[in-house]
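Colleague: One structure is given below, represented as structure tokens, and several questions about it will come after.
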Amino acid sequence: MPARAAAAAAEGEEKAAEAGGRELLYCGTVRFDIMGRKVKGGVQGRGNLVSPTRLRPLVGVDIRFVASGCAACHCVALSSDGRCFSWGRNEKGQLGHGDTLLRNLPTVVSKLSKYNIIAAGVGRNHTVVVTDEGKSFAFGDNRHGQLGTGSLRSGTKVLPVPCLVTKATNAVCGAEFTVWLSSVEGSSILTAGLPQYGQLGHGSDNEYNANASSVRLTYDPQPHPRAIAALSGKTVVKVACGTNHTVAVDSSGFVYTWGFGGYGRLGHNEQKDEWQPRLVEIFQKNNMLSPSDIISAGSASSACTAGGRGQLYVWGKLKNWGDECMYPKPVRDLSGWNIRCMASGDMHHIVGAEDSCISWGLSEYGELGYGPTQKSSVNPKKVDILEGMHVTSVGCGVGMSLIVVDRANVGGKLDQLDNFDGDIDALFQENTKKLYFLPRRDIKEKQKRKTSQHAAIDETVEAPRRSLQGGTRRPRTPSPTSARKPRNMQNQKPRTRSDSR
């Protein structure tokens with residue numbers, strides 16, 4: 001790690017220790033075996049933590065970073081003392097515990113206990129970590145060479161193995177590929193894995209027809225981490241990966257994207273795949289990214305703050321409904337908010353801003369954290385139970401959200417949150433009771449409330465902050481011409497079956 005970065009990290013850790021540390025909260029499903037899969041019997045909604053919940057093994061543990069992926073059903077948490085915790089689906093050994101057994105709760109990766117882990121990336125079925133000494137280790141599925149070991153033999157690694165990257169500073173994963181940042185001059189960004197859609201950034205997708213008698217397209221995997229030649233003269237300082245695309249920022253504040261271009265997720269006002277990094281034109285001149293700005297990538301979307309003002313821009317397809325956004329557009333609902341961190345999942349998004357946690361998108365497993373009375377939200381909406389808490393890190397996976405909050409100045413708020421000890425049967429029974437015994441009248445009344453639930457606009461910020469309306473809509477006042485007229489029952493003809501068709 002560079003000396004300046006190490007000093008800043010040490011200073012941040014010292015301040016966090018003085019403030020009382022940070023704690024991880026989790027919302028979403030704990031049924032990792034059925035997450036994202038069709039199951040019979042209607043049990044999906046009863047294995048969910050629909051509000052931010054404390055996880056018993058991490059209560060009191062200072063967590064400084066969390067990671068998951070928009071295609072991942074497992075997650076990683078890093079503590080301030082360098083330990084790596086992993087839990088979730090483990091069919092390919094992606095948790096690094098030496099087996100393929102599912103873990104419902106965070107478990108220390110014992111094989112990494114002698115290292116100080118500072119960064120981690122999570123793919124669909126693989127995980128990559130980075131140590132403070134610049135070493136990188138990976139575990140999980142290696143069919144496409146995404147572990148960066150230089151070999152495709154023994155396609156699954158259930159224990160951490162070293163990657164062929166030196167002086168690594170960060171690692172981020174797409175579904176089946178990995179991106180490393182390195183302090184090596186001229187090789188600040190390297191990639192390995194599946195080259196489909198040109199997502200490795202080397203100018204080709206390595207596609208060929210594997211069967212001469214029929215069309216059977218396949219791709220040459222890349223198991224050796226390789227520096228991206230198009231960025232050889234630049235120093236890449238930030239990177240984020242979606243399922244099949246990448247967003248990167250260099251030291252000058254310019255933004256580059258490449259990979260799958262569907263739904264405009266690359267921000268170039270077209271849906272063409274990019275096989276090598278292409279500059280996003282809008283983020284130039286006075287709109288370049290500052291060191292404090294953040295980037296994020298979801299399954300079919302990208303986002304960043306720009307210009308040092310904290311204004312959030314998004315592009316791509318952010319939700320299952322509505323049109324895609326072909327180029328970066330500002331999120332007006334979050335104008336004036338000082339956004340600190342952001343993560344995107346498949347179709348949901350989590351933001352840490354000031355002393356609020358804000359989420360929106362499609363929620364199938366309670367991953368937005370609104371509680372049992374509301375699932376999804378079209379627009380950004382505060383997670384009310386976390387209001388007043390300082391969010392320091394967020395992560396999103398398939399059907400889950402990870403939120404790290406500062407314990408300082410929260411009083412007894414953390415003690416009021418639920419605790420999950422891994423007992424899925426007890427959670428199933430509790431959620432079944434809630435499902436059948438919630439007062440329906442109260443639910444409808446809560447869903448009708450709008451601006452009275454949210455904080456007033458803060459007039460002290462430079463840009464006017466928008467109050468968050470959530471998924472509610474303003475009632476339409478009918479005009480006199482559009483108002484429904486009462487039917488004249490005497491003149492109305494009797495309706496027949498053929499008329500109803």
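For the sequence shown, the UniProt record's numbering gives the first residue as 1, with consecutive numbering after it.
Every residue, glycine too, gets a C-beta built ideally from N, C-alpha and C.
(1) Could you spell out the range, first to last residue, of the beta strand (DSSP E) harbouring leucine 105?
(2) So isoleucine 348 packs on serine 356, CB below 8 Å; how close in whole Å?
(3) Would you tell me roughly how many angstroms separate the C-alpha atoms of lysine 413 and glycine 388, rounded to the nearest one?
(4) Taking one C-beta from the stretch 297-313 and one from the stretch 323-342 each time, how about it: are there three or more such pairs within less than 8 Å?
(5) For a quick check, are the C-beta atoms of valine 30 and leucine 368 less than 8 Å apart?
(6) DSSP three-state call for arginine 332: helix, strand or coil?
(7) One question on the structure: do leucine 402 and tyrosine 26 come within less than 8 Å of each other, judged by their Cβ atoms?
(8) Which residue marks the beginning of the beta strand (DSSP E) containing threonine 149, and which one marks its end?
(9) For the beta strand (DSSP E) containing isoleucine 350, list its first residue and its last residue.
(10) Of all the options Asn104, Glu91, Arg216, which has the alpha carbon lying nearest to the alpha carbon of lysine 157?
(11) Look at alanine 71 and alanine 175 and say whether their C-beta atoms are less than 8 Å apart.
(12) What are the start and end residues of the beta strand (DSSP E) that includes aspartate 406?
(13) DSSP has serine 86 in a bridge; who is on the other side?
(14) Verify whether the separation of the beta carbon atoms of glycine 242 and glycine 298 is less than 8 Å.
(15) If you measure between the beta carbons of arginine 124 and methionine 35, is that distance less than 8 Å?
(16) Does the contact criterion of 3 or more C-beta pairs under 8 Å hold for the stretch 175-187 versus the stretch 125-142?
(17) Could you give the residue range of the beta strand (DSSP E) that holds glutamine 315?
(18) Leaving out five residues before and five after valine 108 in sequence, what residues of the same chain have Cβ atoms less than 8 Å from its Cβ?
(19) Measure the CB-CB distance between arginine 56 and glycine 422 and report whether it falls below 8 Å.
(20) Taking Cβ positions, are serine 68 and methionine 400 nearer each other than 8 Å?
(21) Helix or strand or just coil, what does DSSP make of glycine 430?
(22) Using 8 Å as the Cβ pair cut-off and three pairs as the minimum, do the stretch 159-174 and the stretch 142-150 touch?
(23) For the beta strand (DSSP E) containing glutamate 207, name the first residue and the last one.
(24) Taking only the alpha-carbon atoms, compute the straight-line gap between glutamate 281 and histidine 268 and give it to the nearest angstrom.
(25) Please tell me whether tyrosine 365 and asparagine 48 are closer than 8 Å, where the distance is taken between their beta carbons.
(26) Please determine, among Val398, Lys238, Ser187, the residue with the shortest C-alpha to C-alpha distance to alanine 229.
(27) Can you tell me whether arginine 153 is buried or exposed, with buried defined as 16 or more other CB within 10 angstroms of its CB?
(28) Could you tell me the boundaries of the beta strand (DSSP E) in which leucine 279 lies?
(29) If you follow the beta strand (DSSP E) that threonine 169 is part of, which residue opens it and which one closes it?
(30) Report the partner residues of leucine 190 according to the DSSP bridge assignment.
(31) What's the C-alpha gap between aspartate 81 and asparagine 116?
(32) Per DSSP, what are the beta-bridge partners of tyrosine 26 in this structure?
(33) How long is the line joining the alpha carbons of threonine 127 and glycine 93, rounded to whole angstroms?
Modeller: On the basis of the data shown:
(1) Along the sequence shown, one-based indexing puts residue 105 at 105. From DSSP, the beta strand (DSSP E) with leucine 105 extends over 103-108.
(2) For this step, residue 348 is matched to residue 348 along the sequence shown. For this step, residue 356 is matched to residue 356 along the sequence shown. First, the amino acid is wrong: residue 348 is histidine here, not isoleucine. Wrong, their Cβ atoms sit about 17 Å apart, outside the cutoff.
(3) The count along the sequence shown starts at 1 and reaches residue 413 at position 413. The count along the sequence shown starts at 1 and reaches residue 388 at position 388. Rounded to whole angstroms, lysine 413 and glycine 388 show a C-alpha spacing of 9 Å.
(4) Output reads yes: the stretch 323-342 touches the stretch 297-313.
(5) To locate residue 30, count along the sequence shown from 1; it is residue 30. To locate residue 368, count along the sequence shown from 1; it is residue 368. Not a contact, by the Cβ cut-off of 8 Å.
(6) Locating residue 332 in the sequence shown gives position 332, where the first residue counts as 1. Helix at arginine 332.
(7) Residue mapping note: residue 402 aligns to position 402 of the sequence shown, counting from 1. Residue mapping note: residue 26 aligns to position 26 of the sequence shown, counting from 1. Between leucine 402 and tyrosine 26, the gap from beta carbon to beta carbon is short of 8 Å.
(8) Here residue 149 refers to the residue found at position 149 of the sequence shown. In the DSSP assignment, threonine 149 falls outside any beta strand (DSSP E), carrying neither H nor E.
(9) Within the sequence shown, the letter at position 350 stands for residue 350. Note, isoleucine 350: beta strand (DSSP E), 348-353.
(10) Within the sequence shown, residue 157 is the residue found at index 157, counting from 1. When the alpha-carbon of lysine 157 is set against those of Asn104, Glu91, Arg216, the nearest one is in Glu91.
(11) Here residue 71 is taken as the residue at index 71 of the sequence shown, counted from 1. Here residue 175 is taken as the residue at index 175 of the sequence shown, counted from 1. Yes, the Cβ-Cβ distance between alanine 71 and alanine 175 is below 8 Å.
(12) Working through the sequence shown from its first residue, we reach residue 406 at position 406. Segment 400-406, the beta strand (DSSP E) holding aspartate 406.
(13) Counting from one through the sequence shown, the residue named residue 86 turns up at place 86. DSSP, once it has assigned bridges, lists Val76, Thr107 as partnering serine 86.
(14) Here residue 242 refers to the residue found at position 242 when the sequence shown is read from its first residue. Here residue 298 refers to the residue found at position 298 when the sequence shown is read from its first residue. For glycine 242 and glycine 298, yes; Cβs fall inside 8 Å.
(15) What you label residue 124 is simply residue 124 of the sequence shown in a count that begins at 1. What you label residue 35 is simply residue 35 of the sequence shown in a count that begins at 1. In this structure, methionine 35 does not lie closer than 8 Å to arginine 124 by Cβ.
(16) In short, these stretches touch, since the Cβ pair count reaches three.
(17) As a position in the sequence shown, residue 315 is number 315, starting the count at 1. It is worth fixing the name first, because residue 315 is tryptophan in this sequence and not glutamine. Counting along the chain, the beta strand (DSSP E) containing tryptophan 315 begins and ends at 311-316.
(18) Walking along the sequence shown from the start, residue 108 turns up at place 108. Counting only Cβ-Cβ distances below 8 Å, and skipping sequence neighbours, we find Arg83, Cys84, Phe85.
(19) Here residue 56 corresponds to residue number 56 of the sequence shown, with the count starting at 1. Here residue 422 corresponds to residue number 422 of the sequence shown, with the count starting at 1. At a Cβ-Cβ threshold of 8 Å, arginine 56 and glycine 422 count as neighbours.
(20) Position 68 of the sequence shown, counted from the first residue, corresponds to residue 68. Position 400 of the sequence shown, counted from the first residue, corresponds to residue 400. Yes. Within cutoff.
(21) In the sequence shown, the residue the question calls residue 430 occupies position 430. The sequence as given places glutamate at residue 430; glycine does not occur at that position. In the three-state DSSP reduction, glutamate 430 falls in the helix class (H, G or I).
(22) Yes: the two stretches touch, three or more of their Cβ pairs being nearer than 8 Å.
(23) Looking up residue 207 in the sequence shown gives position 207. Run containing glutamate 207: 207-209, per the beta strand (DSSP E) assignment.
(24) The residue you call residue 281 lines up with position 281 of the sequence shown. The residue you call residue 268 lines up with position 268 of the sequence shown. Looking at the two C-alpha atoms, the distance is approximately 8 Å.
(25) Here the question's residue 365 lines up with position 365 in the sequence shown. Here the question's residue 48 lines up with position 48 in the sequence shown. Contact check for tyrosine 365 against asparagine 48 passes: the beta carbons are separated by less than 8 Å.
(26) The count along the sequence shown starts at 1 and reaches residue 229 at position 229. Comparing Cα-Cα distances from alanine 229 to each of Val398, Lys238, Ser187, the minimum goes to Ser187.
(27) Within the sequence shown, numbered from 1, the residue matching residue 153 stands at position 153. Burial check for arginine 153: the Cβ neighbour count within 10 Å stays below 16, so the residue is exposed.
(28) What you label residue 279 is simply residue 279 of the sequence shown in a count that begins at 1. According to the DSSP assignment, leucine 279 belongs to the beta strand (DSSP E) that extends over 274-279.
(29) The sequence position of residue 169 within the sequence shown is 169, counting from 1. First-last of the beta strand (DSSP E) with threonine 169: 168-173.
(30) Residue numbering aside, residue 190 sits at position 190 when the sequence shown is read from its first letter. DSSP output for leucine 190 lists Trp180, Ala227 as bridge partner(s).
(31) Residue mapping note: residue 81 aligns to position 81 of the sequence shown, counting from 1. Residue mapping note: residue 116 aligns to position 116 of the sequence shown, counting from 1. Computed Cα separation, rounded: 7 Å.
(32) To locate residue 26, count along the sequence shown from 1; it is residue 26. According to DSSP, which records beta bridges pairwise, tyrosine 26 is partnered with Thr53, Leu402.
(33) Counted from its first residue, the sequence shown places residue 127 at position 127. Counted from its first residue, the sequence shown places residue 93 at position 93. Rounded to whole angstroms, threonine 127 to glycine 93 spans 9 Å at the Cα level.
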